[in-house]
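For the record, in the sequence shown the residue sitting at position 17 is 49 according to my numbering, with numbers rising by one throughout.
For reference, the structure discussed in these notes is given below.
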Amino acid sequence: MRKPRKWLTVSRTDSGESLSNTFISILFGLLGGGLFLAFIRLLKGPHGTDRAVALDTATLISTNLLVFIAFLEGRSMLVDVAMVYSVLSFLGVLAIARYLDGGLR
33 MRKPRKWLTV SRTDSGESLS NTFISILFGL LGGGLFLAFI RLLKGPHGTD
83 RAVALDTATL ISTNLLVFIA FLEGRSMLVD VAMVYSVLSF LGVLAIARYL
133 DGGLR
């Protein structure tokens with residue numbers, strides 16, 4: 033079994049919870065909330081460009097979540113997955129932008 037990282041248990045609050053764990057919970061909440069809002073914009077966006085920006089934002093946030101989970105778990109393979117995912121996301125956004133611009137001329 034892997035040893036816990038020292039920075040995860042540096043200081044404690046009055047309730048005994050680690051401040052780092054509190055920070056991690058807040059960070060996951062903010063990233064999850066941002067992802068939720070991006071998906072709402074993706075579904076409700078009045079224009080195609082709004083939906084394209086929302087898709088790009090959602091993939092960026094999910095890539096950040098993958099990297100953050102890789103850091104917490106100590107799994108470097110997830111960073112590789114996040115890199116491939118971000119490249120595919122970039123190519124997808126380029127294709128959507130090309131389509132919205134009128135396609136190939």
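By construction, the Cβ of each residue, glycine as well, lies at the ideal position given by its N, Cα and C atoms.
Where does Arg130 fall in DSSP's three states? Stepping through the sequence shown from its first residue, residue 130 is reached at position 98. In the structure shown, Arg130 sits in a helix (DSSP, three-state: H, G or I).
Does DSSP classify Ser57 as helix, strand or coil? Counted from its first residue, the sequence shown places residue 57 at position 25. Reduced to three states, the DSSP call for Ser57 is helix.
Using 8 Å as the Cβ pair cut-off and three pairs as the minimum, do the segment 86 to 102 and the segment 55 to 70 touch? Counting Cβ pairs under 8 Å, three or more are found: they touch.
Cutoff 7 Å; reference Arg83; Cβ partners in own chain excluding five residues on either side: Walking along the sequence shown from the start, residue 83 turns up at place 51. The answer, listed in chain order, is Leu74 and Gly77.
Nearest-angstrom Cβ-Cβ length linking Leu123 and Ala90, presumed shorter than 8 Å: In the sequence shown, the residue the question calls residue 123 occupies position 91. In the sequence shown, the residue the question calls residue 90 occupies position 58. Contact doesn't hold; Cβ gap of about 16 Å is too wide.
Examine the ligand FAD and report whether any of its heavy atoms sits within less than 7 Å of the Cβ of Ile56. This structure simply doesn't include the ligand FAD, nor any ligand for that matter.
What's the gap between the Cα of Ile58 and the Cα of Ser52? In the sequence shown, the residue the question calls residue 58 occupies position 26. In the sequence shown, the residue the question calls residue 52 occupies position 20. Going from the Cα of Ile58 to the Cα of Ser52 covers about 10 Å.
Using the Cβ count rule (16 or more neighbours within 10 Å means buried), how would you classify Ile93? Position 61 of the sequence shown, counting from 1, holds the residue named residue 93. Under this definition Ile93 is a buried residue.
What is the DSSP secondary structure of Ser108, reduced to helix, strand or coil? For the purposes of this step, residue 108 is taken as residue 76 along the sequence shown, with counting starting at 1. Residue state, collapsed to three classes: coil.
If the criterion is Cβ atoms closer than 8 Å, does the pair Thr81 and Leu126 meet it? The count along the sequence shown starts at 1 and reaches residue 81 at position 49. The count along the sequence shown starts at 1 and reaches residue 126 at position 94. Not in contact: Thr81 and Leu126 (Cβ atoms no closer than 8 Å).
By the three-class DSSP mapping on this structure, what secondary structure does Gly77 have? Numbered from its first residue, the sequence shown carries residue 77 at position 45. Of the three classes helix, strand and coil, the one that applies to Gly77 here is coil, per DSSP.
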